[in-house]
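Undergrad:
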């Protein structure tokens with residue numbers, strides 16, 4: 405009598421795959437935690453707490469491996485921001501502002517990116533993180549689409565149609581940022597993947613995410629996504645870029661023109677991008693007024709700025725009377741609230757005003773160094789081309805979006821993860837290695 409084990413093949417266990425992916429799973433957990441609802445006015449989220457554990461986990465693994473964690477180039481790239489941030493923290497108005505500002509900047513631009521770079525060991529780990537970003541974007545995008553269709557989103561021009569996902573009206577940029585990250589990640593996976601199935605799935609995800617991105621009514625996210633995805637397409641090949649551009653235009657015409665999905669609101673929002681001197685809306689007036697105030701602060705403190713977290717205290721002394729007292733937020737389960745304008749909504753000008761030229765050269769200089777190191781590696785990406793295109797796209801998206809936004813809100817921790825992925829591709833010695841180097845944990 406034959407035994408059951410002789411008649412049927414043994415079932416494959418997921419344990420080996422989980423064990424192999426264990427080092428990068430904390431990074432995936434940070435991404436997954438942003439699917440949870442965010443409490444209104446909350447300064448810290450479970451994802452922020454998890455990012456601290458990611459840093460600790462990376463430090464423990466580095467000590468156990470007894471290897472030098474960073475190359476000289478990586479040490480310089482991530483050491484530069486520490487200098488500018490520390491000097492600006494010393495010049496903060498109060499010790500509390502200095503400490504909290506220092507912790508936040510180091511979290512987003514140094515500690516978490518370094519931890520992600522160390523925990524992502526090869527292209528399989530990178531793909532896992534990229535697919536987690538895409539999955540989170542699909543979840544938040546689905547919620548945002550439901551909010552638009554049912555009129556339960558944030559208030560926009562008197563109607564509750566603005567898609568904000570779980571982030572609420574107090575962080576209207578949160579969902580658009582997450583969806584844009586997922587779209588850029590999916591585009592990179594679609595353009596560079598050697599597997600046909602992954603390409604097809606990634607293309608479907610990217611096309612699906614175009615809808616909630618449009619319904620977020622976030623002009624900055626639209627511009628950054630167009631630039632990043634356009635760059636990815638051109639890097640993947642001019643002929644393919646032309647075909648994809650044509651397909652995207654066709655889909656947009658069907659969704660907005662043919663079906664009339666939010667056509668009037670989207671058209672008005674698109675038109676407002678160019679209305680700077682000719683009847684701009686109040687949000688545009690506020691933004692450019694705060695930009696001018698940032699530049700004025702810098703002129704008064706050109707080298708080190710006014711100090712970390714000091715922009716709100718100096719804003720009124722440098723802004724013109726055209727600046728409103730705040731923006732109105734309402735909807736998506738939250739009551740009406742007047743939200744103060746506490747930043748210039750431009751990361752470069754925020755750094756320039758609070759950290760001066762020293763901060764701009766060290767912090768923004770490290771981002772440009774990452775881009776300068778990442779792009780040349782595309783030529784030898786090989787089978788990691790999908791990860792390379794996605795990492796470069798995410799970095800480029802962030803650098804463009806920083807022209808219209810700054811750090812703040814629950815989605816900021818994802819900014820750190822994206823910088824970490826870009827750092828892995830740009831600086832990690834083994835990022836371009838083949839399958840032989842990926843066969844097991846190091």
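In our numbering, the protein residues as written are 405 to 846.
Beta carbons are placed, not taken as given, at the ideal position from N, Cα and C, and that holds for glycine.
#1: Using a 10 Å radius around the Cβ and a threshold of 16 neighbouring Cβ atoms, would you call residue 608 buried or exposed?
#2: Can you give me the Cβ contacts of residue 697 inside the same chain, cut-off strictly under 6 Å, excluding the 5 residues immediately before and after it?
#3: Does the beta-carbon of residue 464 have 16 or more other beta-carbons within 10 angstroms, so that it is buried, or is it exposed?
#4: Under DSSP, the alpha helix (DSSP H) around residue 433 begins and ends at which residues?
#5: When DSSP builds the beta bridges, which residues end up paired with residue 724?
#6: Could you spell out where the alpha helix (DSSP H) holding residue 691 opens and where it closes?
#7: Would you check if there are 3 or more beta carbon pairs closer than 8 Å linking the segment 793-810 to the segment 562-569?
#8: With a CB to CB cut of under 7 Å and the five nearest residues on each side skipped, what residues in its chain are close to residue 689?
#9: Where does residue 789 fall in DSSP's three states?
#10: Tell me whether residue 511 is buried or exposed, calling it buried when 16 or more other Cβ atoms sit within 10 Å of its Cβ.
#11: Would you mind stating whether residue 432 and residue 536 have Cβ atoms separated by less than 7 Å?
#12: Which value, in whole angstroms, describes the spacing of the CA atoms of residue 381 and residue 756?
#13: Using three-state DSSP, classify residue 663 as helix, strand or coil.
#14: What would DSSP say about residue 580, mapped onto helix, strand or coil?
#15: Need the endpoints of the beta strand (DSSP E) that residue 566 sits in, please.
#16: Straight-line CA distance for residue 442 to residue 616?
#17: Applying the 10 Å Cβ sphere with the 16-neighbour rule, what's the burial state of residue 475?
#18: What would DSSP say about residue 741, mapped onto helix, strand or coil?
#19: Between 578, 435, 515, which lies nearest to residue 812 when the distance is taken from Cα to Cα?
#20: Got a sec, what are the start and stop residues for the alpha helix (DSSP H) residue 536 sits in?
#21: Do residue 758 and residue 710 have their C-beta atoms closer together than 7 Å?
#22: Take every Cβ of the segment 764-781, pair it with every Cβ of the segment 584-602, and state whether three or more of those distances are shorter than 8 Å.
#23: How far does the alpha helix (DSSP H) with residue 757 in it reach, from first residue to last?
#24: Using the Cβ count rule (16 or more neighbours within 10 Å means buried), how would you classify residue 457?
#25: Express the C-alpha separation of residue 789 and residue 647 in angstroms, rounding to a whole number.
#26: If you follow the alpha helix (DSSP H) that residue 808 is part of, which residue opens it and which one closes it?
#27: What separation, rounded to the nearest whole angstrom, lies between the Cα atoms of residue 595 and residue 605?
#28: In angstroms with no decimal places, state the Cα-to-Cα distance between residue 663 and residue 824.
#29: Which of the three DSSP states, helix, strand or coil, is assigned to residue 747?
#30: Roughly how many angstroms lie between the CA atoms of residue 701 and residue 589, to the nearest whole one?
#31: Nearest-angstrom Cα distance between residue 781 and residue 745?
#32: In the DSSP assignment, find the unbroken alpha helix (DSSP H) run with residue 770 in it and report its ends.
#33: Exposed or buried, residue 454, counting other C-beta atoms within 10 Å across all chains shown (16 or more means buried)?
#34: Look at residue 493 and residue 505 and say whether their C-beta atoms are less than 7 Å apart.
#35: Near residue 631, what residues of its chain come up, given a Cβ to Cβ distance below 8 Å and the 5 sequence neighbours on each side ignored?
#36: In angstroms with no decimal places, state the Cα-to-Cα distance between residue 477 and residue 826.
TA: Checking against the coordinates, here is how it stands:
#1: Exposed: under 16 other Cβ atoms inside 10 Å.
#2: Once the five neighbours on either side are set aside, the close Cβ partners of residue 697 are 719, 722, 723.
#3: exposed
#4: 429-437 is the extent of the alpha helix (DSSP H) around residue 433.
#5: Residue 724 pairs with nothing; no bridge assigned.
#6: Segment 686-704, the alpha helix (DSSP H) holding residue 691.
#7: no
#8: 726
#9: helix
#10: Residue 511 is buried by the Cβ-count criterion.
#11: yes
#12: Outside the modelled stretch of the chain, which goes from 405 to 846, sits residue 381, for which no answer is possible.
#13: Note on residue 663: pLDDT 49, under 50, position unreliable in the model; no value is reported.
#14: helix
#15: 563-566
#16: 19 Å
#17: exposed
#18: Strand at residue 741.
#19: 578
#20: 527-554
#21: In this structure, the beta-carbon distance from residue 758 to residue 710 falls below 7 Å.
#22: no
#23: 751-763
#24: exposed
#25: 20 Å
#26: From DSSP, residue 808 is part of no alpha helix (DSSP H); its letter is neither H nor E.
#27: 11 Å
#28: Summary for residue 663: the model assigns pLDDT 49, below 50, so the residue's position carries little reliability; its value from the coordinates is reported in the next sentence. When rounded, the distance between both Cα atoms is 40 Å.
#29: coil
#30: 37 Å
#31: So the alpha carbons of these two residues sit roughly 40 Å apart.
#32: Bounds of the alpha helix (DSSP H) holding residue 770 are 769-781.
#33: buried
#34: yes
#35: 800, 801, 804
#36: 14 Å
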